[in-house]
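Residue numbering for the sequence shown follows numbering that gives the first Met the number 0, beginning at 0 and increasing consecutively.
Step one of this worksheet: look at the structure below.
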Amino acid sequence: MSSKSFLSYSFRLGCAWFVTVASISLSISYLNSIPRYESKPQDRKLVEKAEKFEVYNRRECAPCSTAESDTRHHYPHLGEFQNAQIDIERWIPPVDELYDRLRIITAISQNHYGEVMPWIATIQEFMPEKTIILYNMGLNTTSLQNVKNLCNVQVREFPFSSYPKHVKNLHTYAWKPIIIDITLREFGAIFWGDSSIRLKASLRNLIPISLKHHGYMTHFHGFDPKIKEEIQHQYYFTHPQLYANLGVNRTEYFQSENLAPHAAANRQLYLNSSYVHETIVQPMLQCALRYRCISPRGAKLPKHRFDASVLAILIYKNLKGEWTRTNNDNRAFDEVVYLRKNTVGNEKVQTCL
Numbered sequence: 000m001s002s003k004s005f006l007s008y009s010f011r012l013g014c015a016w017f018v019t020v021a022s023i024s025l026s027i028s029y030l031n032s033i034p035r036y037e038s039k040p041q042d043r044k045l046v047e048k049a050e051k052f053e054v055y056n057r058r059e060c061a062p063c064s065t066a067e068s069d070t071r072h073h074y075p076h077l078g079e080f081q082n083a084q085i086d087i088e089r090w091i092p093p094v095d096e097l098y099d100r101l102r103i104i105t106a107i108s109q110n111h112y113g114e115v116m117p118w119i120a121t122i123q124e125f126m127p128e129k130t131i132i133l134y135n136m137g138l139n140t141t142s143l144q145n146v147k148n149l150c151n152v153q154v155r156e157f158p159f160s161s162y163p164k165h166v167k168n169l170h171t172y173a174w175k176p177i178i179i180d181i182t183l184r185e186f187g188a189i190f191w192g193d194s195s196i197r198l199k200a201s202l203r204n205l206i207p208i209s210l211k212h213h214g215y216m217t218h219f220h221g222f223d224p225k226i227k228e229e230i231q232h233q234y235y236f237t238h239p240q241l242y243a244n245l246g247v248n249r250t251e252y253f254q255s256e257n258l259a260p261h262a263a264a265n266r267q268l269y270l271n272s273s274y275v276h277e278t279i280v281q282p283m284l285q286c287a288l289r290y291r292c293i294s295p296r297g298a299k300l301p302k303h304r305f306d307a308s309v310l311a312i313l314i315y316k317n318l319k320g321e322w323t324r325t326n327n328d329n330r331a332f333d334e335v336v337y338l339r340k341n342t343v344g345n346e347k348v349q350t351c352l
């Protein structure tokens, strides 16, 4: 081999070695950039307990087996619950996959028909490819047909006959935890939004941030019942009996300093997580299925906020310290999602039929 050929061969070998090392370095950097949880002592115990629910493999909703209800189940339509076989406590899929799974979930009765149109319009604007699952909770014939004509909207009837009779009373809000449980297990990633919610950007922006907190994200109005922050704390809109129903000491809750987050139940992001199922979704569902749990005797709006009250207590009880006044992502969340209780912008909604 001539010295010229040897130098050429050495140069090519050196380039190949450099490219290989660079590729390995980039791969290591990418893996290190994937969000990881800071392990907490109770995490493994909660995950093991959540596995007993079989929340990723079962073909039905939790049975309504209480003294106040019958034992009927809601059996989903064929094909449901087949795509949610992820658990971000065990493995975090790429953000693109989580976003592909994401569905927007809402539910409306006739009195919120006008208000939901701007909500749907902003979804169509910032996430034009996203499917919106809308549960019909009592629309009249004309409104129902109009909603079915909207682009990317899939209308579902809520299966009231499969649940205890109190669920039909929409003012108990027992139907909301049921819908969250059904759709989260079906799709693996959902965003619940009441009819008053609006978007300023794509929800994709929130997915990487939610991974810091087991795949759950919402806006927090405050963290201490004794202090009026954005609005009056949820403590003042919760029936005293609910604390006992959920195994929480009401006095200790009130005295907690910076450890009682007031979560916004009207806008919530959920990624499939055994931890979140164990700490929020399943306890909230089980309370919703028992009339006198979610609706203690004498409870009524506005002094009691039903699902929102349950959510606040469960976060305090099971996720204490996960979010505080100095450790939350309100700013990032609010850059994407906001609240607007009116019909401004309903003319922008797009129809496809």
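The beta-carbon is built from N, C-alpha and C at its ideal position, and this holds for glycine as well.
Just so we're clear, the structure is a prediction, and the values are computed from it rather than from any experiment.
With a contact defined as Cβ atoms closer than 8 Å, P260 and F219 qualify at about 5 Å.
The alpha-carbon of L268 is positioned some 31 Å away from that of T141. Going by DSSP, Q254 is part of the alpha helix (DSSP H) stretching over R249 to Q254. Beyond the five residues adjoining it in sequence on each side, I119 comes within less than 7 Å, by CB distance, of I131, L149, V152 and V348 in the same chain, given in chain order. DSSP places N135 in the uninterrupted beta strand (DSSP E) bounded by I131 to N135.
The DSSP-derived three-state label of N326 is strand. With a minimum length of 3 residues, the unbroken runs of beta strand (DSSP E) contained wholly in the stretch 145-190 fall at 152-156. Just measuring C-alpha positions, the residue of Y290, M136, T325 and V280 sitting nearest L270 is V280. Assigned with DSSP and collapsed to three states, R89 falls in coil, not helix or strand.
Between the C-alpha atoms of L318 and V275 there is a straight-line separation of about 9 Å. Residue ranges of uninterrupted beta strand (DSSP E) with 3 or more members, entirely inside the stretch 263-345 and ordered along the chain, are 336-338. In the DSSP assignment, G214 falls outside any alpha helix (DSSP H), carrying neither H nor E.
Within the model, the alpha-carbon separation for N326 versus E334 is close to 17 Å.
Of all alpha-carbon atoms in E228, N345, D86 and H232, the one lying nearest the alpha-carbon of S195 is that of N345. With at least 16 other beta carbons inside 10 angstroms of its own, D223 counts as buried. The beta carbons of L202 and M126 sit about 7 Å from each other, so the pair counts as a contact at 8 Å.
With a contact defined as Cβ atoms closer than 8 Å, A106 and W174 qualify at about 7 Å.
Cβ-Cβ distances below 6 Å link V247 to I312 and K316 in the same chain, with the five nearest sequence neighbours on each side left out; the list follows chain order.
Per DSSP, the unbroken beta strand (DSSP E) holding R102 starts and ends at R102 to I107.
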